[in-house]
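Student: So that we are looking at the same thing, I have put the structure below in structure tokens.
Chains as they are written, first to last, in this note's numbering: chain B, 350 to 599; chain R, 350 to 599.
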């Protein structure tokens, strides 16, 4: 009955517009009473986002299960993917809703409130994990916001393309960007490399990176003290190799 | 008359509650007609946040004026301070509103929509600045979200302390955190150091940083290829010096 209500609602929203559709119209088309509608949805906005409560509960459970996870930043990135999965389950429906939400300010406000709840769930987890470190709540709030922004940037791109393309790959790329920026350690399967002696090099004006002669295993970075950190990091990042999709994006 | 309406509204909100106060009550206490209210505020929520439109216009003008600013990340951090200034202009009023907003879900939703507009203004500026680089919109959205989250983390801390303490210092610290994470170059007054030759050092298992003998000007970083970027960056960051308050917080 829940699915029938959602289907009837979207048919009417598309035919006559969101504002012009009443709850009475929806229940009439679905062939049920008003009370049935309110059993499933607190208000008309609710039928537009029928799966967010379930998704938020899933995300919270996933975070609770990672209370001792070694990498909290990775955990919140993985948690964000719960939302992606919900959208990707039904691309046609997600794309329809995206266009509807863009047109109706009330739905946009509703969606912002939902996004805020996801962000607070992620931040709450990180605040607990960072509780003993310096600036714990600040770091938690900033990382949670960055994860949500990255996820939604990728999700919106996919929705704008009418659900074409690989949503998972797009979101992976965006989340890797955040993991790199906030210092998430690499995946445990990355093999440790054995060190080899470096060769002295002459310090240039800008930071320079050179592979040591006699091996690919060692990277030497020479930088002036006071050099901009961002420039040094850029060089180190590209020299260390790793995922080229993640490198150079910040 | 605008100020009189705001003062009357808040007196009533505090005395009898936000929901229980009508626009008619407000105009009666202020001694004006309903039309005057709507000349200044589109709805009852508007009187709770009377300065956001002005503040948003100020922020947008500040961003527009920085279309060629050398450091876009710093520019958006400075732009965010426009909001802080508005709150700090009248601490007692800001604290009152904070407590009111926490209690009224409708006001919370309204505030989220306002925050979203600030965030889009910052992201829009960064998107233009990053248009030619890789992942321009992703970087822009993530940094804008991080700036807003850092600013609001500090702002909320100050509001929770009833407006005691130095709001500027708290927000400065939070924004520095974002500037560090997203690779903002150092302040222009930092003197450039002249390079001196480095001394070869033996590569250890973990990345190592050493000042060159014969001078404090050069930093040599040796890292295994495949080493975690976050660990290398941590070392580079502390070796390059700079603000100890910003270092080591991510």
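Here a beta-carbon is modelled for each residue, glycine too, at the ideal position from N, C-alpha and C.
1. Beta-carbon within less than 7 angstroms of residue 528(B)'s beta-carbon, same chain only, minus the 5 sequence neighbours each way: which residues are those?
2. List the endpoints of the continuous alpha helix (DSSP H) containing residue 379(B).
3. Does residue 502(B) get closer than 7 angstroms to chain R when you measure Cβ to Cβ?
4. Starting from residue 364(B) and walking both ways along the alpha helix (DSSP H), at which residues does that stretch end?
5. Using only the alpha-carbon positions, how far apart do residue 504(R) and residue 495(R) sit?
6. Looking only at its own chain, which residues have a Cβ that is under 8 angstroms from the Cβ of residue 523(R), when we skip the five neighbours before and after it?
7. Cβ of residue 323(B) within 7 angstroms of Cβ of residue 509(B)?
8. Cβ of residue 493(B) within 7 angstroms of Cβ of residue 472(B)?
9. So with CB distances below 8 angstroms, who are the chain R contacts of residue 461(B)?
10. DSSP on residue 443(B), reduced to helix/strand/coil?
11. Chain R partners of residue 470(B), CB-CB under 7 angstroms?
12. Does any residue of chain R have a CB that is nearer than 7 angstroms to the CB of residue 491(B)?
13. Using three-state DSSP, classify residue 386(B) as helix, strand or coil.
14. Can you list the residues of chain R that residue 487(B) reaches, using a CB-CB cut of under 7 angstroms?
15. Answer with buried or exposed for residue 368(B), where buried requires no fewer than 16 other C-beta atoms within 10 angstroms of its C-beta.
16. Quick one: what's got a C-beta closer than 7 angstroms to residue 361(R)'s C-beta in the same chain, skipping five residues either side?
17. Provide the residue span of the alpha helix (DSSP H) that contains residue 421(B), from first to last.
18. Under 7 angstroms between C-beta atoms, does residue 530(R) make it to chain B?
19. Give me the residue from 396(B), 416(B) and 380(B) with the minimum Cα distance to residue 478(B).
20. Tell me whether the beta-carbon of residue 408(B) lies closer than 7 angstroms to the beta-carbon of residue 357(B).
21. Can you tell me which of 466(R), 355(R), 413(R) and 387(R) puts its alpha carbon nearest to the alpha carbon of residue 432(R)?
22. So, with DSSP's three-state summary, where would you put residue 402(B)?
23. What do you reckon, are the CB atoms on residue 355(B) and residue 396(B) nearer than 7 angstroms?
24. CB residue 428(B) to CB residue 411(B), shorter than 7 angstroms?
25. Round the Cβ separation of residue 351(B) and residue 389(B) to the nearest angstrom and send it over; I've been treating them as touching at under 8 angstroms.
26. Going along the chain, which unbroken runs of the alpha helix (DSSP H) with 4 or more residues stay wholly within the segment 479 to 539 of chain R?
27. Answer with yes or no whether the minimum CB distance from residue 410(B) to chain R is below 7 angstroms.
28. I believe residue 461(R) touches residue 461(B) by the beta-carbon criterion, under 8 angstroms. Please report the beta-carbon distance rounded to the nearest angstrom.
29. In this structure, how does DSSP classify residue 458(R) when only helix, strand and coil are distinguished?
30. Between residue 495(B) and chain R, is there a C-beta pair that is closer than 7 angstroms?
31. According to DSSP, simplified to helix, strand and coil, what is residue 415(B)?
32. Return the residue from the list 437(R), 404(R) and 382(R) that minimises the CA-CA distance to residue 511(R).
33. Can you tell me whether residue 384(B) sits near the ligand MN, meaning its C-beta is under 6 angstroms from at least one heavy atom of the ligand?
34. Measuring only the C-alpha atoms, how far is residue 563(R) from residue 468(R)?
35. Is the distance from the Cβ of residue 435(R) to the Cβ of residue 413(R) below 7 angstroms?
Tutor: On the basis of the supplied data:
1. 422, 423 and 426
2. 372 to 379
3. yes
4. 351 to 365
5. 14 angstroms
6. 499, 500, 502 and 503
7. Here chain B covers residues 350 to 599 and nothing more, so residue 323(B) does not appear.
8. yes
9. 458, 461, 462 and 465
10. helix
11. Neighbours of residue 470(B) on chain R: none; closest Cβ ~14 angstroms, over 7 angstroms.
12. yes
13. helix
14. 499, 502, 523 and 526
15. exposed
16. 370, 374, 375 and 378
17. 421 to 438
18. yes
19. 416(B)
20. no
21. 466(R)
22. helix
23. yes
24. yes
25. 5 angstroms
26. 485 to 509 and 516 to 530
27. no
28. 5 angstroms
29. helix
30. yes
31. coil
32. 437(R)
33. Only the bare structure without any ligand can be found here, which leaves the ligand MN out of the picture.
34. Confidence in residue 563(R) is poor, its pLDDT being 38 and thus under 50, which makes the residue's placement unreliable; the coordinate value appears in the next sentence. Using only the alpha carbons, I get a separation of about 48 angstroms.
35. no
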